[in-house]
Every structure is written in C-alpha cells, then in structure tokens.
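Remarks on the structure that follows.
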Amino acid sequence: MIRTTLATISALLVLALPARAADDFIATPTLRASITVTSDVVRVGDLIDNAGSAALIPVYRSPDPGTTGALPVAHVLAVLRAKQVIGVMTGDIKEVQVTRLARTLVNKDLETAVASALERRFGLGDAANITVTFDRGIADMRLDASNTGVLQPVATRYDARSGRFDIAFEINNDNNPAPTKLRFTGTAIETVEVAVLTRDIDRVDLLKASDVAMERRPKAEVTGEAASRDRTLGMQLRRPMRAGTPIRVADIVKPDFVQRDQNVTVIYQVPGIYLTTRGKAIESGAEGDTISVLNLQTKRTLSGVVTGRGQVTVQGASQAAPMPAAVEQTSSLKRDEAPAPVDTAALVRNLVQAPASPAQIAQAQIPQVRVSQAPAKSE
Numbered sequence: 002m003i004r005t006t007l008a009t010i011s012a013l014l015v016l017a018l019p020a021r022a023a024d025d026f027i028a029t030p031t032l033r034a035s036i037t038v039t040s041d042v043v044r045v046g047d048l049i050d051n052a053g054s055a056a057l058i059p060v061y062r063s064p065d066p067g068t069t070g071a072l073p074v075a076h077v078l079a080v081l082r083a084k085q086v087i088g089v090m091t092g093d094i095k096e097v098q099v100t101r102l103a104r105t106l107v108n109k110d111l112e113t114a115v116a117s118a119l120e121r122r123f124g125l126g127d128a129a130n131i132t133v134t135f136d137r138g139i140a141d142m143r144l145d146a147s148n149t150g151v152l153q154p155v156a157t158r159y160d161a162r163s164g165r166f167d168i169a170f171e172i173n174n175d176n177n178p179a180p181t182k183l184r185f186t187g188t189a190i191e192t193v194e195v196a197v198l199t200r201d202i203d204r205v206d207l208l209k210a211s212d213v214a215m216e217r218r219p220k221a222e223v224t225g226e227a228a229s230r231d232r233t234l235g236m237q238l239r240r241p242m243r244a245g246t247p248i249r250v251a252d253i254v255k256p257d258f259v260q261r262d263q264n265v266t267v268i269y270q271v272p273g274i275y276l277t278t279r280g281k282a283i284e285s286g287a288e289g290d291t292i293s294v295l296n297l298q299t300k301r302t303l304s305g306v307v308t309g310r311g312q313v314t315v316q317g318a319s320q321a322a323p324m325p326a327a328v329e330q331t332s333s334l335k336r337d338e339a340p341a342p343v344d345t346a347a348l349v350r351n352l353v354q355a356p357a358s359p360a361q362i363a364q365a366q367i368p369q370v371r372v373s374q375a376p377a378k379s380e
C-alpha cells in the first residue's frame, strides 16, 4: 500500500514539472516608463514589453511630431484592460512619457531647396546667389520621421519680371507608398555681394575701411562689375556718392597724386644724374599716369610720369635709342689722341632749359670722337 502511494506521488510530480518549466518561459507584460514612436498612433507594443499578439493594437493618438506627452499609469492600465490586456507589471512608474520622433526642415533648408530648383533656370544664376522669401513666414517644419527622402521638385513655375515662384515638392515616405507633398510660393531674386558706402563720400576723399561695408543687393541694382571691399580701400570715387550706394568697379579710380594746376616737383633723371626743378601740372593724374607739366623756368611743356604726391619724373636715357658698340666708335683713334671731356655744364643746361629728346641726351652722355683720316695711298 505504501509503495503504491509513493509511486502515485512520483507520477504526479513528473507530470507537473513540464508545466512549470513552460510557465517559466512566459514573460510577464511590463509597462515602459518612456517610449518613442514614429507614426501618428501609439500601440500596445509601444507601451509594454512582452505584449504578445496584442502588440499591434492601437490605443492612443501620438503627440505632434517632435513633441513629448505624458500618460498617467492608471489611465494606461484602464485602456489596456479595455483591450483585454491584463496582468501588466507597473513597478513604481507614475506616468509614461511618449515622444514622437520627427524630421525637422529648418527655414534655411527650404530656402536652399527652392534656390536649387531655380538654379541656372529662367535667367537666374547660382543657387548661392538667389535670395528666397516665402509668402508666409515659415518656421521650422516638422514631418514624420518616416519621411526620409530628399525634397524633390516636381513642378516649378517662375516669373522673371516679378520674381514670383510656385514650386511643388515630394518626399518619399518609408511607411507609405504615396510620397508626402509640399508646396511653397514666394519671391526669388538673384543677388550679388557688393561694397556699399556707409557715409556720404566726396570725390577727393580716399576710401577707408570704415567707409565700406559688404552687403547683398539685387543684381538688377548693380549694373556692371560689383566692387569688393579690398578693391575699394585706398581708392577714390569718380563722383560724389551717397551713403548706402553700391560701388561698382567703374565707380572707383586710383587716387590722384597730382591735381590740375598744382605746383609739382619735376625730376629729370638719367643714369648718374638726378636733377629737380619747379613745374605746374596741366592735368591731374594718379600714380603711373603720364601727364603734361609746365616747366616754370623754361616755360616749356613736358611729358612725365606721376611717381609720387606732387612729383612728376621725366625719364631721359631710359628712352634713348641704343648706341653702337664702343669698339666701333674708337677703332680709328690714333694712339696719341684722347676723347674730348664731357661738358657736364652743357648737359645740365640742356636738361633744365629744355626737354631733351632721347637723341640729345644720348649725344650729351657720350664723348665726341675725333676721327682722323690717313691719306690714301697712290698707286
């Protein structure tokens, strides 16, 4: 009898062991303290771990893209029980934080997309030089995170006279075969970066760093080549200009080092000789310009190059024609004959009293050669 009883108990224990082992593999549903979703609904599987076959059941509407909402635990459990989900472990959780992921398109991204759609079309240039303004102030735009595609323009309209655009875009969606559609309207104008005056500038003023600022202006306002900041500094304007006026390359010139009717120093310069005299400028000129100058001593008009402020240089020997080799000039000299000395006083007098031609300067610098001819032999 005892043996029969023990056998029965052993059989019952053997039958119970597999059932208990199977129960150990059934995980208990556990509530999550915070979740993130990408769609517009929250499902049971988002809220709890080990949801099993109930995971795909929708229970809440998601918060707006890019935002976070809170759900009280008691409310969550009540909703789950209504969906036949019971026995959920909550621990010490008081509320569930629900965050909806989003793809954010900032205003600059949208401007770049529109400019790229118009680039080198309708008479416009590079996208980097196109300024876009939307009809309605568009802040950062948030889309579902499933919109992973690029902004693809599918319809583009532009009026070159008014600058008005109307562009439709599509974005591929991972969760939906139909792409997301966006449409924008506004104005797009090609601009150039140009130096702009910060104050009224007169014709004789030299442009300083504080006088110029760089701004983007509509290309239509700047006819010709726009001047850069570096190119304007130290230059003069061809005419007086008002503050806020864009500067073109054609508007600036090198500063005049010599003004018309200004008393100047006239420099006569040949190799080895450097002379100065007084003169009066007949015309204005910048450094490197060739102008006419009146020699106040000889009353003759000279042509020289502006080489400094109030300074004009008349070059002499550098313009002279090359002379024959010295050997050819002295080949007929006798041993007891010597070249005549250079008349320096005459050279100075010629340079100062009258503008010397290249031939005159060359002749004054080279000693005259006395040539003697031997009597011809008679046959």
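Numbering (the working numbering), first residue to last: 2 to 380. Every residue, glycine too, gets a C-beta built ideally from N, C-alpha and C.
Please name the residue or residues paired with Arg301 in a DSSP beta bridge. Within the DSSP bridge table, the entry for Arg301 names no partner.
Unbroken stretches of the beta strand (DSSP E), 3 residues or longer, contained in the region 194-262: Complete beta strand (DSSP E) runs here, min 3: 213-219, 257-259.
Within the continuous alpha helix (DSSP H) that includes Lys109, where are the two ends? Run containing Lys109: 108-119, per the alpha helix (DSSP H) assignment.
If you reduce the DSSP assignment to three classes, tell me which class Asp167 lands in. Strand at Asp167.
To which residues does DSSP link Asn296 through a beta bridge? Paired residue(s): Gly280.
Please state whether the Cβ-Cβ distance between Val86 and Pro64 is less than 9 Å. Contact: no.
Count the other C-beta atoms from every protein chain shown that fall within 10 angstroms of the C-beta of Ala12, then say buried if there are 16 or more, exposed otherwise. Confidence at Ala12 is low in this model, with a pLDDT of 44, below 50, so the placement of that residue should be treated as unreliable; the coordinate-derived value is given next. Around the CB of Ala12, fewer than 16 other CB atoms lie within 10 Å, so the residue is classed as exposed.
Beta-carbon proximity check, Arg218 vs Thr199, cutoff 9 Å: Between Arg218 and Thr199, the gap from beta carbon to beta carbon reaches 9 Å or more.
Would you kindly report the start and end of the unbroken alpha helix (DSSP H) that includes Val89? Careful: Val89 lies outside any alpha helix (DSSP H) and carries neither H nor E.
Closest to Val213 by CA distance: which of Lys220, Arg239, Gly187, Arg243 is it? When C-alpha distances from Val213 are compared across Lys220, Arg239, Gly187, Arg243, the shortest belongs to Arg243.
Through-space distance from Arg101 to Gly225, alpha-carbon basis: C-alpha separation (whole angstroms): 53 Å.
Since Phe135 sits in a beta bridge, which residues does DSSP pair it with? In the DSSP output, where bridge partners are listed per residue, Phe135 has Gly187.
Between which two residues does the alpha helix (DSSP H) containing Arg82 stretch? The continuous alpha helix (DSSP H) containing Arg82 extends over residues 74-83.
Boundaries of the alpha helix (DSSP H) in which Val45 is found, first to last residue: Start and end: 45-48.
Less than 9 Å between the C-beta atoms of Ala196 and Ala228, yes or no? Taking a C-beta distance under 9 Å as the contact criterion, Ala196 and Ala228 qualify as a contact pair.
Roughly how far, in whole angstroms, is the beta-carbon of Leu276 from the beta-carbon of Met236, given that I think they are within contact range, below 8 Å? The C-beta distance from Leu276 to Met236 rounds to 33 Å, too long to fall under 8 Å, and the pair is not in contact.
Taking Thr314 and Gln270 to be in contact with their CB atoms under 8 Å, please state how far apart those CB atoms are, rounded to whole angstroms. About 6 Å separates the CB atoms of Thr314 and Gln270; that is less than 8 Å, so the two are in contact.
Does the beta-carbon of Leu276, which I'm using as the reference point, lie nearer than 8 Å to any heavy atom of the ligand MG? Ligands in the displayed structure: none, and consequently the ligand MG is not present.
Are the CB atoms of Arg172 and Gly150 nearer to each other than 9 Å? A small correction: the amino acid at residue 172 is Ile; Arg does not occupy that position in the sequence shown. One thing to note: Ile172 has its Cβ within 9 Å of the Cβ of Gly150.
Is the separation between the beta-carbon of Gln316 and that of Val259 shorter than 9 Å? In this structure, Val259 does not lie closer than 9 Å to Gln316 by Cβ.
Is the number of C-beta pairs between the region 48-66 and the region 29-36 that are closer than 8 Å three or more? Taking a cut-off of 8 Å for Cβ pairs, the region 48-66 and the region 29-36 touch, as three or more such pairs fall below it.
Pull up the distance between the alpha-carbon of Ala251 and that of Ser211, whole angstroms please. If you take the alpha carbons of Ala251 and Ser211, they lie about 21 Å apart.
Only counting the same chain, and skipping five residues up and downstream in sequence, which positions put a Cβ closer than 6 Å to that of Gln263? Excluding sequence neighbours, Gln263 sits near Ala282.
Span separating the alpha-carbon of Val80 from that of Arg104: Going by C-alpha positions, Val80 is about 30 Å away from Arg104.
Where Val265 and Val306 are concerned, what is the direct C-alpha to C-alpha distance, given to the nearest angstrom? The alpha-carbon atoms of Val265 and Val306 are separated by roughly 12 Å.
If you check the beta carbons only, do Leu145 and Ser54 fall under 9 Å apart? It should be noted that the sequence gives Asp, not Leu, for residue 145. In this structure, Ser54 does not lie closer than 9 Å to Asp145 by Cβ.
Buried or exposed by the 16-neighbour rule on C-beta atoms within 10 Å, applied to Asn148: So Asn148 counts as buried.
Contacts around Phe123, its chain only, beta-carbon distance under 7 Å, and the 5 residues preceding and following it disregarded: The answer, listed in chain order, is Tyr159, Ala161.
Taking 7 Å as the limit between beta carbons, can you name the residues of its chain near Pro66, skipping five residues before and five after? Same-chain partners within the cutoff: Arg101, Ala103, Arg143, Leu144, Asp145.
Here's a check: name, in chain order, each residue in its chain whose Cβ is nearer than 7 Å to the Cβ of Ser304, leaving out the five neighbours to either side. Answer for Ser304: Thr291, Ser293, listed in chain order.
Judging by CA-CA distance, which residue of Ala156, Ile168, Gln153, Val155 is the nearest neighbour of Val133? When only C-alpha atoms are compared, the closest one is Ile168.
Provide the residue(s) that pair with Asp41 in DSSP beta bridges, ordered along the chain. Answer is none; Asp41 lacks a bridge partner.
Output the distance between the C-alpha atoms of Thr308 and Phe135, rounded to the nearest integer angstrom. Within the model, the alpha-carbon separation for Thr308 versus Phe135 is close to 55 Å.
Might you give, ordered along the chain, the residues of its own chain that have their beta carbon closer than 6 Å to the beta carbon of Pro241, omitting 5 neighbours on each side? The residues are Asp203, Arg204.
If I follow the unbroken beta strand (DSSP E) through Glu96, where does it start and stop? Counting along the chain, the beta strand (DSSP E) containing Glu96 begins and ends at 96-101.
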